[in-house]
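J.: Protein sequences appear in the order of chains L and V. Per the numbering used here, the first sequence starts with residue 465, numbered consecutively. Per the numbering used here, the second sequence starts with residue 36, numbered consecutively. Backbone N, C-alpha and C fix where the C-beta goes; we use that ideal spot for every residue, glycine too. Because the structure is a prediction, the values reported are computed rather than measured.
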Amino acid sequence: KNEVEQSPQNLTAQEGEFITINCSYSVGISALHWLQQHPGGGIVSLFMLSSGKKKHGRLIATINIQEKHSSLHITASHPRDSAVYICAVRNFGNEKLTFGTGTRLTIIP
Amino acid sequence: DTGVSQNPRHKITKRGQNVTFRCDPISEHNRLYWYRQTLGQGPEFLTYFQNEAQLEKSRLLSDRFSAERPKGSFSTLEIQRTEQGDSAMYLCASSLRTGYNEQFFGPGTRLTVL
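1) So alanine 100 of chain V is in the beta strand (DSSP E); what residue range does that whole segment cover?
2) Report the option in V:Lys106, V:Gly107 and V:Lys92 whose CA atom is closest to the CA atom of phenylalanine 100 of chain V.
3) Does any residue of chain L bring its CB to less than 9 Å from the CB of asparagine 136 of chain V?
4) Can you find the residues in the same chain that come closer than 8 Å, C-beta to C-beta, to glutamate 63 of chain V, ignoring five residues on each side of it along the sequence?
5) Pick out whichever of V:Arg71, V:Leu90, V:Val54 and V:Arg94 has its Cα sitting closest to the Cα of asparagine 558 of chain L.
6) Please state whether DSSP places arginine 71 of chain V in a helix, a strand or coil.
7) How would you list, in chain order, the residues of chain V whose beta-carbon sits under 8 Å from the beta-carbon of isoleucine 550 of chain L?
8) Going along chain L in order, which residues have a C-beta closer than 8 Å to the C-beta of leucine 151 of chain V?
9) Does DSSP put aspartate 36 of chain V in a helix, in a strand, or in coil?
10) Can you name, in chain order, every residue of its own chain whose Cβ lies under 8 Å from the Cβ of glutamate 479 of chain L, other than the five neighbours on each side?
11) Establish whether the CB of valine 491 of chain L and some CB of chain V are separated by less than 9 Å.
12) Would the beta-carbon of glutamine 41 of chain V fall within 9 Å of that of cysteine 127 of chain V?
13) How big is the Cα-Cα spacing for arginine 94 of chain V and lysine 560 of chain L?
14) Between the C-alpha atoms of isoleucine 507 of chain L and arginine 568 of chain L, what's the straight-line distance to the nearest angstrom?
15) So for glycine 120 of chain V, helix, strand or coil by DSSP?
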């Protein structure tokens with residue numbers, strides 16, 4: 465079973481700050497997802513990656529397969545980025561996702 | 036809006052009652068997943084379908100839970116004899132069976148068992 469850990473659990477920052485959220489997992493994976501969940505529950509997929517780095521707007525996701533670690537960065541953070549960010553992994557030969565417990569991000573104006 | 040819809044969005048029921056949730060995936064997606072999320076936790080896998088075949092079930096899915104996808108399109112999740120511990124957000128996701136296999140999530144159904 466893959467253990468997925470995220471840090472920090474909670475993060476409060478001022479608008480404009482550079483944000484980093486970390487995710488580590490215990491067993492080799494075929495893919496890692498970064499998801500965003502707003503109050504009310506809906507989940508939006510931000511990235512799916514299996515190697516390297518992806519960028520979308522102010523969001524950057526990186527993954528280091530050897531170290532079993534991924535980071536999600538937000539540049540020029542904005543209050544609308546306030547949400548729970550969840551890391552989820554898919555093991556080889558398995559369709560289901562295993563999720564971390566999430567990082568609650570609050571950006572203060 | 037990801038294209039995955041779930042109904043109802045909220046359900047309040049009394050302990051012991053049966054409830055049924057529906058998920059409509061993105062139309063061309065042949066894989067459909069159910070997850071459960073309790074307060075303050077990440078989602079946990081319940082079950083998944085490829086077309087109408089239920090291919091995997093979690094041990095979390097007790098015999099009070101049943102999921103179906105009769106025509107390989109929409110899916111239903113039924114909970115019989117609900118318990119307070121069943122209170123959670125029930126999330127549905129769908130994907131297309133390709134190498135990429137990104138899952139798209141619905142808005143969830145929040146169940147409260149009184």
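T.: This is what the structure holds:
1) Position 65 of the second sequence, counting from 1, holds the residue named residue 100 of chain V. The identity of residue 100 of chain V in the sequence shown is phenylalanine, whereas the question assumes alanine. Element bounds for phenylalanine 100 of chain V: 100 to 103.
2) The residue you call residue 100 of chain V lines up with position 65 of the second sequence. Nearest of V:Lys106, V:Gly107 and V:Lys92 to phenylalanine 100 of chain V, Cα basis: V:Lys92.
3) The residue you call residue 136 of chain V lines up with position 101 of the second sequence. Yes, asparagine 136 of chain V lies at the interface with chain L (some Cβ there is under 9 Å from its Cβ).
4) As a working mapping, residue 63 of chain V is identified with position 28 in the second sequence. Setting aside the 5 residues that flank it on each side, glutamate 63 of chain V is surrounded in the same chain by Leu131, each with a C-beta closer than 8 Å to its C-beta; the list follows chain order.
5) Looking up residue 558 of chain L in the first sequence gives position 94. With distances taken between Cα atoms, asparagine 558 of chain L lies closest to V:Leu90.
6) One-based indexing of the second sequence puts residue 71 of chain V at position 36. Assigned with DSSP and collapsed to three states, arginine 71 of chain V falls in strand.
7) Along the first sequence, one-based indexing puts residue 550 of chain L at 86. Per Cβ cutoff of 8 Å: Gly77 and Pro78.
8) Absent from the model: residue 151 of chain V. The displayed extent of chain V is 36 to 149, so no value can be given.
9) Stepping through the second sequence from its first residue, residue 36 of chain V is reached at position 1. Note: aspartate 36 of chain V maps to coil in three-state DSSP.
10) Counting from 1 along the first sequence, the entry for residue 479 of chain L is found at position 15. Around glutamate 479 of chain L: Ser541, His542, Pro543, Ile571, Ile572 and Pro573.
11) On the first sequence, residue 491 of chain L is found 27 positions in, with the first residue counted as 1. Valine 491 of chain L does not count as touching chain V.
12) Locating residue 41 of chain V in the second sequence gives position 6, where the first residue counts as 1. Locating residue 127 of chain V in the second sequence gives position 92, where the first residue counts as 1. The Cβ-Cβ distance between glutamine 41 of chain V and cysteine 127 of chain V falls below 9 Å.
13) Residue numbering aside, residue 94 of chain V sits at position 59 when the second sequence is read from its first letter. Residue numbering aside, residue 560 of chain L sits at position 96 when the first sequence is read from its first letter. Those two C-alpha atoms are separated by around 13 Å.
14) Locating residue 507 of chain L in the first sequence gives position 43, counting from the first residue. Locating residue 568 of chain L in the first sequence gives position 104, counting from the first residue. Near 14 Å, if we compare the C-alpha coordinates of arginine 568 of chain L and isoleucine 507 of chain L.
15) Taking the first residue of the second sequence as 1, we reach residue 120 of chain V at position 85. Glycine 120 of chain V: helix per DSSP, three-state reduction.
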